[in-house]
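Colleague:
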Amino acid sequence: MLRDKVIVITGAARGVGLACASRFASQGALLLLNDVGCDVTGHGAAPGLMEEVAAQLRARGAQVESDGRDITEQGVPEALCELAAARFGRLDGVVSCAGVVERARFGRTSD
């Protein structure tokens, strides 16, 4: 069902994003994976983490491009879509799994 579909996945180096990337790759999707490599609290960065994941998927025969930019920076979401279209000829879908967890009372969180 996903064979040759072009999908961008953010937050693809860990957790749900990684699970989606692995499953979609096994079904033949063409993937552009994005993750800055920070921990779940949003701290630190591991710029090479996304490429490591992409290399593991490529070793299984998947067609994967990786991107380590910060999805929260202005212009990056659009750039990812443009990159996918340039690399694979189109874009069929986006799966947004990027996120961080910050402990706070719900009533005290900001926009």
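If you read the sequence shown in this note's numbering, its first letter stands for residue 151, the second for the next number, and so on. Note that beta-carbon positions come from the ideal geometry of N, C-alpha and C, so glycine has one too. Since the structure is predicted, the reported quantities are computational estimates derived from the model, not experimental observations.
Quick check: residue 183 and residue 166, are their CB atoms within less than 9 Å of each other?
Modeller: Translated into positions along the sequence shown, residue 183 becomes position 33. Translated into positions along the sequence shown, residue 166 becomes position 16. Taking 9 Å as the Cβ cut-off, residue 183 and residue 166 do not qualify as a contacting pair.
Colleague: Since residue 162 contacts residue 168 with CB under 8 Å, what's their CB separation in whole angstroms?
Modeller: Position 12 of the sequence shown, counted from the first residue, corresponds to residue 162. Position 18 of the sequence shown, counted from the first residue, corresponds to residue 168. With a Cβ gap of about 6 Å, residue 162 and residue 168 count as contacting.
Colleague: Give every residue of the same chain whose Cβ lies closer than 8 Å to the Cβ of residue 233, excluding the five residues on either side of it in the sequence, and list them in chain order.
Modeller: Counting from 1 along the sequence shown, the entry for residue 233 is found at position 83. Answer for residue 233: 182, 215 and 217, listed in chain order.
Colleague: For residue 197, collect the residues of the same chain with a Cβ closer than 8 Å to its Cβ; drop the 5 residues on either side in sequence, then sort them by chain order.
Modeller: Taking the sequence shown and counting its residues from 1, the one referred to as residue 197 is at position 47. Correct list, in chain order: 186, 187 and 218.
Colleague: Look at the Cβ atom of residue 191, then the Cβ atom of residue 246, and state whether they are nearer than 9 Å.
Modeller: Along the sequence shown, read from residue 1 onward, the residue named residue 191 stands at position 41. Along the sequence shown, read from residue 1 onward, the residue named residue 246 stands at position 96. Cβ distance not < 9 Å, so residue 191 and residue 246 don't count as in contact.
Colleague: Tell me which same chain residues have a C-beta within less than 8 Å of the C-beta of residue 249, skipping the five on either side of it?
Modeller: Translated into the one-based positions of the sequence shown, residue 249 becomes position 99. Closer than 8 Å at Cβ, skipping near neighbours: 161.
Colleague: According to DSSP, is residue 215 part of a helix, a strand, or is it coil?
Modeller: By one-based count along the sequence shown, residue 215 stands at place 65. Of the three classes helix, strand and coil, the one that applies to residue 215 here is strand, per DSSP.
Colleague: What ranges does the alpha helix (DSSP H) occupy inside the stretch 153–204, keeping only unbroken runs of at least 4 residues that lie completely in it?
Modeller: The stretch 153–204 contains these whole alpha helix (DSSP H) runs: 165–176.
Colleague: Hey, could you find the ends of the alpha helix (DSSP H) residue 244 is sitting in?
Modeller: Position 94 of the sequence shown, counted from the start, is the residue given in the question as residue 244. Segment 243–246 is the beta strand (DSSP E) holding residue 244; no alpha helix (DSSP H) there.
Colleague: Buried or exposed: residue 223, going by 16 or more other Cβ atoms within 10 Å of its Cβ?
Modeller: The residue labelled residue 223 in the question sits at position 73 within the sequence shown. Classification of residue 223: exposed, given that the 10 Å Cβ count is below 16.
Colleague: Please report the distance separating the alpha-carbon of residue 117 from that of residue 208.
Modeller: There is no way to answer for residue 117, as the model of the chain reaches only from 151 to 261.
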